[in-house]
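What follows is one structure encoded as structure tokens, with my remarks underneath.
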Amino acid sequence: MATGRTHRPATRSRGIPEATVARLPLYLRALTALSERSVPTVSSEELAAAAGVNSAKLRKDFSYLGSYGTRGVGYDVEYLVYQISRELGLTQDWPVVIVGIGNLGAALAGYGGFASRGFRVAALIDADPAMTGKPVAGIPVQHSDDLEKIIVEDGVSIGVIATPAGVAQAVCDRLVAAGVTSILNFAPTVLSVPDGVDVRKVDLSIELQILAFHEQRKAGEESGEETAPAPPAARTTADGARAAAGVDGGRKGPDGDAPAVMPA
Numbered sequence: 001m002a003t004g005r006t007h008r009p010a011t012r013s014r015g016i017p018e019a020t021v022a023r024l025p026l027y028l029r030a031l032t033a034l035s036e037r038s039v040p041t042v043s044s045e046e047l048a049a050a051a052g053v054n055s056a057k058l059r060k061d062f063s064y065l066g067s068y069g070t071r072g073v074g075y076d077v078e079y080l081v082y083q084i085s086r087e088l089g090l091t092q093d094w095p096v097v098i099v100g101i102g103n104l105g106a107a108l109a110g111y112g113g114f115a116s117r118g119f120r121v122a123a124l125i126d127a128d129p130a131m132t133g134k135p136v137a138g139i140p141v142q143h144s145d146d147l148e149k150i151i152v153e154d155g156v157s158i159g160v161i162a163t164p165a166g167v168a169q170a171v172c173d174r175l176v177a178a179g180v181t182s183i184l185n186f187a188p189t190v191l192s193v194p195d196g197v198d199v200r201k202v203d204l205s206i207e208l209q210i211l212a213f214h215e216q217r218k219a220g221e222e223s224g225e226e227t228a229p230a231p232p233a234a235r236t237t238a239d240g241a242r243a244a245a246g247v248d249g250g251r252k253g254p255d256g257d258a259p260a261v262m263p264a
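Just so you know, we're using this note's numbering here: the sequence shown kicks off at 1 and counts up by one.
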């Protein structure tokens with residue numbers, strides 16, 4: 001099986017827009033569910049509804065993959081699963097290292113979705129000496145002193161940071177210096193990385209704050225009360241939180257809508 005260090009997905013070289021790339025996992029999740037039910041074909045309307053997008057956008061996205069379906073029949077489910085998996089690089093083995101084995105890191109280590117989607121947890125890393133050698137999800141935790149050695153020996157190109165915010169940047173710098181080129185960041189801070197390194201940020205508190213905003217608005221609408229405009233400083237804070245979460249406050253992106261949030 002190929003490893004993540006020697007093979008890279010071809011999406012950028014083929015000019016697939018980032019917004020389309022962000023939706024491919026949504027299509028794959030819906031298609032996998034259909035495949036598990038032995039559904040042979042699916043129409044663009046049915047698949048779009050299952051993925052939460054409109055059918056015109058789905059057809060445009062699939063056109064970048066060179067997949068147009070068959071009129072009156074739809075799309076072949078198994079072929080699309082393979083095609084999207086290949087485009088996302090999921091037909092390869094991607095060794096992943098998780099740094100920070102607290103409650104969140106331990107939960108991530110035990111997440112079965114990694115293996116089923118082509119990601120192999122190669123190592124669990126923590127700075128606490130008391131954690132060294134302790135098995136978490138069947139994998140012994142290794143000390144952070146060995147981080148660089150582990151990355152090189154296991155050919156790791158994807159790192160997951162689940163540390164406290166105060167040490168996340170230092171961990172990020174070490175990962176990048178050792179050769180990691182993609183980082184999934186769960187720490188509540190913004191990371192600075194050089195060109196050529198991709199970072200995806202998952203901030204659960206921001207997502208909850210956005211939901212709280214919508215709940216408050218719905219409550220105001222149900223009671224018939226007028227919601228007073230927020231003062232300028234409050235609007236700036238809210239806009240900043242939404243921007244950090246990838247929500248554009250209704251403004252359109254290059255392809256017509258705001259980027260999708262990556263599913264869990």
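Backbone N, C-alpha and C fix where the C-beta goes; we use that ideal spot for every residue, glycine too. In this text the structure is predicted, and so the values were computed from the model without any measurement.
Shown here, residue 80 sits in a helix according to DSSP, grouped into three states. Under the Cβ criterion (8 Å, minimum of three pairs), the region 40 to 59 does not count as touching the region 87 to 105.
Taking each of 187, 143 and 106 in turn and checking the Cα distance to residue 132, the smallest one comes out for 143. When DSSP reads this structure, residue 143 sits in a beta bridge with 126. For the pair residue 25 and residue 86, the Cα-to-Cα distance works out to about 12 Å.
In this structure, the CA atom of residue 15 is about 36 Å from the CA atom of residue 164. For secondary structure counted as the alpha helix (DSSP H) over 4 or more consecutive residues, the region 90 to 118 holds these complete runs in sequence order: 103 to 109 and 113 to 116. For residue 201, the secondary structure class from DSSP, reduced to helix, strand or coil, is strand.
Bridge partners of residue 183 according to DSSP: 159 and 199. Nearest in C-alpha terms to residue 53, of all of 30, 70 and 69, is 30.
Contact between residue 55 and residue 67 is absent: CB atoms are separated by about 14 Å, not below the 8 Å threshold.
Nearest C-alpha to residue 63 among 216, 82 and 20: 20. For residue 74, the CB contacts under 6 Å within the same chain, skipping 5 residues up- and downstream, are 41, 42 and 43 in chain order.
Taking C-beta atoms as the reference points, residue 99 and residue 139 fail to come closer than 9 Å. Here the region 107 to 124 lies against the region 149 to 156, with 3 or more beta-carbon pairs under 8 Å apart. A straight line joining the alpha-carbon of residue 222 with that of residue 214 spans about 12 Å.
By a beta-carbon distance limit of 8 Å, residue 151 contacts residue 180. Their separation comes to about 6 Å. Here the alpha carbon of residue 116 sits roughly 18 Å from the alpha carbon of residue 159. In the displayed model, residue 167 falls within a helix according to three-state DSSP. Going by C-alpha positions, residue 22 is about 14 Å away from residue 202.
Bounds of any alpha helix (DSSP H) do not take in residue 71, whose DSSP letter is neither H nor E.
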